[in-house]
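Numbering of the sequence shown is given in this note's numbering, commencing with residue 1163 and proceeding in unit increments.
All C-beta atoms in this analysis are idealised placements derived from N, C-alpha and C, irrespective of residue type, glycine included.
Since this is a predicted model, take the numbers as computed values, not measurements.
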Amino acid sequence: MASTNHFSCSPPAEERIASNLDPIQADRLRRDFCTAQATVQKGVSLGRATNTNTAWGIWLSFTAELGISPLLEAFEDKVSVLQIFAERIRTGELAPNGCPIRARSVEDYVRFIGQTFLHMGAKDLRLDSSGNMDFRLKRTWAAWKKEDPPPNRVKPVPIRVIRHIANLAHSSIDINNHYRATADMIILAFFFLLRPGEYIDSNSESSPFRLEDVQLFIGDARLCLQTSPPERLRRASFASLTFTNQKNGVRGEVIGLSRSGDPILCPVRTIIRRVLYLRTNNAPPSTPLARTYNTKRVTAASITTILREAVAFFGPQIGFLPSDVSARCLRAAGATALLLGRVDTDIISLIGRWRSDEMLRYLHVQAYPLMKDYSRKMLNAGDYTLIPNQDVPQH
């Protein structure tokens, strides 16, 4: 079904105002309104804006088929129409691929419709008079989530998988720059708990860390990445990344790590390798750290391919299948490694920039070292008495 852009530059209110102005002022008003609308669109990622437009296009076709206005002005109870829309999305009748979809995705479609109503100056039709989600919609989402199969959570890869990739990349002269760059970005994603959009080099809208976001230090001395001799850069003991427009990052905030002690699996050594490679190729400061030259890009797909090949190399001994991992799993891998290292969960949240309990979705109790002693601890600590209240008779 074709997507329809819902951000019109000539809405009725704007035209009513323009009709009372001279042609020059009317054109200026329309131009400023278009600019304002475009600014609103920039408030979300390109992917979300595209999804919103797609959902609104489906909504327009749905309401046109029913012969009703998209804003449902004639309906006092607009939720009933929204329920029909949601049902048809759920079954796949209105879904773009024609297949049934999960409750969470249906909820997203309905949210996009509600936000589009707000964008057009109307009330979010999902909400009741108190500003809360309508009772019927809440119950519908709950019922559908019970019907859905369990979510397919990505598995955190153990460090042996990352070590295998790193050793393969840096021990053979036959490995090309793309593989080495991919291995290095896997290492950085693991140590810095990065999302795919933060460590790949993609044509799509993403926010990868760039050369200008990097700092290297020897003790308290900050090194100049452009002019410091290579041997001096290689002596760096601390590396940092500065957040600009990365998701959930505070602009200008800096996160840094020291050397790990490993000659390859080290965030500082890895950043040094990337800096020297990019400097050799005269890369400008705005260049993504993942950039390679004369080869293909480091993408989420290439990250996923290399991770799955490594998991397949180890086989069933690591407890999951190649299909269980993707570029998204490195964030979970880093968080799980910190948990197993007995790092406080609040610290893990700070490093990973989690602002809610969502972090718990990344921490897998399937990790054997985490759970192996718990039954013994429960047996030893499970015998206790409670402080009695007044209803418990005295001895």
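Going by other Cβ atoms of all chains shown within 10 Å of its Cβ, with 16 needed for buried, is residue i buried or exposed?
| i | result |
| --- | --- |
| Cys-1261 | exposed |
| Arg-1435 | buried |
| Lys-1308 | exposed |
| Ala-1107 | With the chain covering 1163 to 1557 only, the question about residue 1107 has no answer from this structure. |
| Thr-1449 | buried |
| Ala-1401 | buried |
| Val-1465 | Residue identity differs from the one stated: residue 1465 is Ile in this sequence, not Val. It is buried - the Cβ of Ile-1465 has at least 16 other Cβ atoms within 10 Å. |
| Asp-1508 | exposed |
| Ile-1186 | exposed |
| Gly-1283 | exposed |
| Lys-1285 | exposed |
| Asp-1189 | exposed |
Can you pull the DSSP bridge partners for residue i?
| i | result |
| --- | --- |
| Ser-1420 | Phe-1400 |
| Phe-1228 | It should be noted that the sequence gives Leu, not Phe, for residue 1228. In the DSSP output, where bridge partners are listed per residue, Leu-1228 has none listed. |
Is the Cβ-Cβ distance between residue i and residue j less than 8 Å?
| i | j | result |
| --- | --- | --- |
| Ile-1324 | Leu-1427 | yes |
| Ile-1193 | Leu-1244 | Reading off the sequence, residue 1193 comes out as Arg, not Ile. It is not a contact, given that the beta carbons lie outside the stated cut-off. |
| Leu-1356 | Leu-1469 | no |
| Ala-1331 | Ala-1452 | no |
| Leu-1256 | Arg-1264 | no |
| Val-1319 | Val-1487 | yes |
| Lys-1300 | Phe-1482 | no |
| Tyr-1361 | Phe-1371 | yes |
| Phe-1247 | Phe-1224 | yes |
| Ile-1327 | Pro-1429 | no |
What is the DSSP secondary structure of residue i, reduced to helix, strand or coil?
| i | result |
| --- | --- |
| Ala-1497 | helix |
| Met-1295 | strand |
| Val-1376 | strand |
| Arg-1558 | The chain is shown only over 1163 to 1557; residue 1558 falls outside these bounds and no answer can be derived. |
| Phe-1483 | The question names Phe, but residue 1483 is Leu in the sequence shown. Looking at Leu-1483 - three-state DSSP - the assignment turns out to be coil, as it is neither helix nor strand. |
| Pro-1185 | helix |
| Pro-1450 | strand |
| Leu-1355 | coil |
| Leu-1395 | helix |
| Leu-1289 | strand |
| Ser-1267 | helix |
| Asn-1490 | Per the sequence shown, the amino acid found at residue 1490 is Arg instead of Asn. If DSSP states are grouped into helix, strand and coil, Arg-1490 belongs with coil. |
| Thr-1278 | helix |
| Val-1323 | helix |
| Cys-1614 | The shown model of the chain, from 1163 to 1557, leaves out residue 1614, and the question about it has no answer. |
| Arg-1301 | helix |
| Asn-1215 | helix |
| Gly-1414 | coil |
| Thr-1406 | coil |
| Phe-1476 | helix |
| Gly-1503 | coil |
| Asp-1346 | helix |
| Ser-1172 | Interpretation of Ser-1172 is limited by its pLDDT of 41, a score under 50 that renders its predicted location unreliable; no figure is taken from the coordinates. |
| Asp-1310 | coil |
Review point. So, do the stretch 1451–1467 and the stretch 1279–1296 have three or more beta carbon pairs nearer to each other than 8 Å?
Key: Fewer than three pairs of CB atoms, one per stretch, sit closer than 8 Å, so the stretch 1451–1467 makes no contact with the stretch 1279–1296.
Review point. Contact between the stretch 1466–1481 and the stretch 1372–1380: three or more CB pairs below 8 Å?
Key: Flag = no, the stretch 1466–1481 and the stretch 1372–1380 do not touch.
Review point. Is there contact between the stretch 1210–1218 and the stretch 1270–1286, where contact requires at least three CB pairs shorter than 8 Å?
Key: In short, these stretches touch, since the Cβ pair count reaches three.
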